[in-house]
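Numbering (my numbering), first residue to last: 2 to 231.
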């Protein structure tokens with residue numbers, strides 16, 4: 002397919018999209034709350050894929066009837082725990098074909114940004130640990146979830162910044178799609194997280210890819226056909 006010259010930003014989710022999900026993704030938030038209060042706590046909140054760091058931290062704090070004033074402290078401990086795990090050599094694995102597709106999009110002249118529930122710091126740690134070149138991403142056109150309880154707050158910032166350009170969110174959960182829909186950004190889905198193709202076909206996704214290897218061309222062509230944001 003011939004690709005027309007339109008400014009294009011591909012906003013990648015991280016967990017389940019660029020990198021494979023962690024075995025116990027919710028534990029770090031719980032540990033951060035325990036560290037903040039200085040005692041063991043019963044785990045009351047299960048992990049919810051597609052949520053933001055800010056939202057998950059708030060859920061964990063409120064589940065124990067703790068004051069919201071504790072949230073910034075928990076956020077700092079989450080950052081520290083992320084660094085400690087990285088320092089111990091814990092690494093995430095890249096999703097199949099994701100790094101190659103990031104490079105392919107760059108060759109087309111498309112901007113690779115991020116739209117993630119993670120903070121920028123945690124995004125950098127996860128991507129670096131999974132072997133991604135951090136310079137492959139445009140950090141000035143990336144949007145993070147450390148200050149937004151709801152993912153729609155993140156997508157709203159992206160939509161405002163990218164008005165008039167072609168933009169698309171690449172994600173692996175229905176929640177990614179719902180947050181994209183709320184602000185009028187097209188969504189393409191990849192089934193490399195916890196949701197399979199059938200589940201993602203129930204979203205508004207322009208296309209659903211099995212992964213970034215088998216369906217790399219499907220993703221590229223679907224994005225190339227999108228109109229600019231209004």
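Glycine residues also receive a C-beta, built at the ideal position from the N, C-alpha and C atoms.
Inset, instruction - Give every residue of the same chain whose Cβ lies closer than 8 Å to the Cβ of residue 205, excluding the five residues on either side of it in the sequence, and list them in chain order. - result: Numbered from 1 along the chain shown, position 204 holds the residue referred to as residue 205. Excluding positions up to five away in sequence, the list reads 178, 181, 182 and 188.
Legend entry - Selection from 190, 127 and 76 that minimises the alpha carbon distance to residue 216: Stepping through the chain shown from its first residue, residue 216 is reached at position 215. Residue 216 has its Cα closest to that of 190, out of 190, 127 and 76.
Inset, instruction - Measure the alpha-carbon distance for residue 196 versus residue 40 and round it to whole angstroms. - result: Counting from one through the chain shown, the residue named residue 196 turns up at place 195. Counting from one through the chain shown, the residue named residue 40 turns up at place 39. Cα to Cα, the separation comes out at about 35 Å.
Legend entry - Touch test, the stretch 144-157 against the stretch 30-46, Cβ-Cβ under 8 Å, three pairs minimum: no
Legend entry - Residues near residue 45 by beta carbon distance below 8 Å, same chain, minus five either side: What you label residue 45 is simply residue 44 of the chain shown in a count that begins at 1. Once the five neighbours on either side are set aside, the close Cβ partners of residue 45 are 61, 64 and 65.
Inset, instruction - Grab me the residues of residue 71's own chain with a C-beta within less than 7 Å of its C-beta, minus the 5 sequence neighbours each way, in chain order. - result: Walking along the chain shown from the start, residue 71 turns up at place 70. If we look at residue 71 and ignore the five residues flanking it on each side, its Cβ neighbours are 37 and 62.
Inset, instruction - Rounded to whole angstroms, what's the CA-CA distance from residue 238 to residue 6? Just pull it up for me. - result: Residue 238 is absent from the model: the chain starts at 2 and stops at 231.
Legend entry - CB of residue 97 within 7 Å of CB of residue 214, strictly: Within the chain shown, numbered from 1, the residue matching residue 97 stands at position 96. Within the chain shown, numbered from 1, the residue matching residue 214 stands at position 213. Closer than 7 Å, so yes.
Legend entry - Option nearest residue 79 by Cα separation, candidates 145, 54 and 162: Reading the chain shown from its first residue, position 78 is the one you call residue 79. The shortest C-alpha separation from residue 79 is found at 54.
Legend entry - residue 181 - containing alpha helix (DSSP H), residue span: If you number the chain shown from 1, residue 181 lands on position 180. Segment 175-184, the alpha helix (DSSP H) holding residue 181.
Inset, instruction - Look up residue 69 in the DSSP assignment and say whether it is helix, strand or coil. - result: Against the chain shown, residue 69 aligns to sequence position 68. Helix.
Inset, instruction - Give the single residue among 200, 164 and 160 whose Cα lies nearest to the Cα of residue 176. - result: For this step, residue 176 is matched to residue 175 along the chain shown. It is 200 whose Cα lies nearest to the Cα of residue 176.
Legend entry - Per-residue burial, residue 95 [other beta carbons within 10 Å of its own, 16 or more giving buried]: As a first step, residue 95 is located in the chain shown; it is residue number 94 there, counting from the start. Classification for residue 95: buried.
Legend entry - Residue range of the unbroken beta strand (DSSP E) whose run includes residue 113: Stepping through the chain shown from its first residue, residue 113 is reached at position 112. Note, residue 113: beta strand (DSSP E), 112-115.
Legend entry - Spatial distance of residue 35 from residue 140 (CA atoms): Your numbering for residue 35 matches position 34 in the chain shown. Your numbering for residue 140 matches position 139 in the chain shown. C-alpha separation (whole angstroms): 32 Å.
Legend entry - 3-residue-minimum beta strand (DSSP E) runs that sit fully inside the stretch 68-146, ordered along the chain: 112-115
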